[in-house]
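Right, one structure below, let's go through it.
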Amino acid sequence: MTIRDLNTVKSLKAYNPHTKYKKIIRDKAISRAKTRIIIAGRTPEEFSQEDLEVVVQEEENKIKSDIKSKGLLAVLALLGVSWL
Amino acid sequence: MMNQIFRITFVTFIYKRYKQTILSSALLLFVLWLIEKVHQDFVSYSQLNEDTSYLALSFGLKWLAFICVTGLYTAWNLVFKKESFKKDKLSKEELKKYGKMLNEEGELQDDLLAKMQSIPLNKAEDKKKAESKTKKASAQQSSEQAHKDEASDKHQPDPFAQIRNKESLNSKADFVLKNKRK
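Taken in order, these protein sequences are the chains called W and E.
The opening residue of the first sequence carries number 1 in this note's numbering; numbering runs sequentially from there.
The opening residue of the second sequence carries number 1001 in this note's numbering; numbering runs sequentially from there.
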């Protein structure tokens, strides 16, 4: 496998659905983290990279769990559980 | 109680709407019945007298009367009814009563056109100008704001740039563990 082939594989990785899905979640988590920081009365520049990473990671986990619970609710709704 | 009120209202509405048709139909049936009765009487009279010379003519006359009455009924309901409801034949007072707009010469005008003409021109123009002014001002403001935001974003480095490109993020616990190992 040549270097040119490796570059092609790398460029194709951006079109991978899993990568795209992860990127969307990451962007959403970053925007939520920004909002959280602004609500706290501070700016992202005041934080270290580690702290920012922790905040974004927390938000990412929240988004993932939200998606899971909403997905479950959607499945239950499809099955006709009206009392939810 | 409510059902009866609905029924009465419905019957009244139907009667008022189709008054002419209902009355003329009843009259037609009555006249046809009368002609038939008269003819039956004539037939029985001719049988009693044993004179059947005009019997064939009586049948012809009966059917001719039937056709004439039915023709009159049709003409009355189809031709005269339509004529009486033509807008042109209504008087000016009647047209005004039905909410129709008349021009200076007393001719019937298109409703929408008349309404548009009744709105003063200056008022409409002023409204348009004010709307365009506010639209322009808001567009300018929003474009300036967007430019400012873009400029500020370009000048300031993104603190999340590294995090954006990371494969997986570490939690607080991960960092604590990493620091302990060191």
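Where a beta carbon is used, it is the ideal one built from N, C-alpha and C, also for glycine.
- Taking residue 1057(E) as the centre and dropping the five residues before and after it, the same chain places no C-beta closer than 6 angstroms to its C-beta.
- In this model, residue 1180(E) and residue 29(W) are separated by some 28 angstroms (Cα to Cα).
- Using a Cβ-Cβ cut-off of 8 angstroms, residue 1177(E) does not count as an interface residue toward chain W, since no Cβ of chain W sits closer than that to its own.
- In the structure shown, residue 1168(E) adopts coil according to DSSP, grouped into three states.
- Counted as a single uninterrupted DSSP element, the alpha helix (DSSP H) harbouring residue 1024(E) occupies residues 1019–1049.
- With contact defined as three or more Cβ pairs closer than 8 angstroms, the region 1158–1167 of chain E and the region 41–58 of chain W are in contact.
- Listed along the chain, the chain W residues whose CB falls inside 7 angstroms of the CB of residue 1171(E) are 54 and 57.
- Separation of residue 1031(E) and residue 1039(E) (C-alpha to C-alpha, rounded to the nearest whole angstrom) is 12 angstroms.
- At the C-beta level, residue 1170(E) and residue 53(W) come within 8 angstroms of one another.
- The continuous alpha helix (DSSP H) containing residue 1069(E) extends over residues 1055–1075.
- Within the region 10–30 of chain W, 26 and 30 place their CB atoms closer than 7 angstroms to a CB of chain E, listed in sequence order.
- Between residue 1024(E) and residue 1073(E), the C-beta gap is smaller than 8 angstroms, which places the two residues in contact.
- Contacts between residue 1162(E) and chain W, judged by CB atoms closer than 9 angstroms, involve 49, 52 and 53 in chain order.
- Between residue 1157(E) and the set 63(W), 72(W), 44(W) and 61(W), the nearest pair of CA atoms involves 44(W).
- In this structure, the beta-carbon distance from residue 37(W) to residue 63(W) does not fall below 8 angstroms.
- The alpha-carbon of residue 1003(E) is positioned some 10 angstroms away from that of residue 1010(E).
- By the Cβ-count criterion, residue 1176(E) is exposed, with fewer than 16 other Cβ atoms from all chains shown falling within 10 Å of its own Cβ.
- Counted as a single uninterrupted DSSP element, the alpha helix (DSSP H) harbouring residue 19(W) occupies residues 17–39.
- Nearest to residue 1027(E) by C-alpha distance, out of 1050(E), 1137(E) and 1070(E), is 1070(E).
- Between residue 41(W) and residue 55(W), the alpha-carbon positions lie close to 15 angstroms from each other.
- Per DSSP, reduced to three states, the secondary structure at residue 1140(E) is helical.
- In its own chain, leaving out the 5 sequence neighbours on each side, no residue places its CB closer than 7 angstroms to the CB of residue 67(W).
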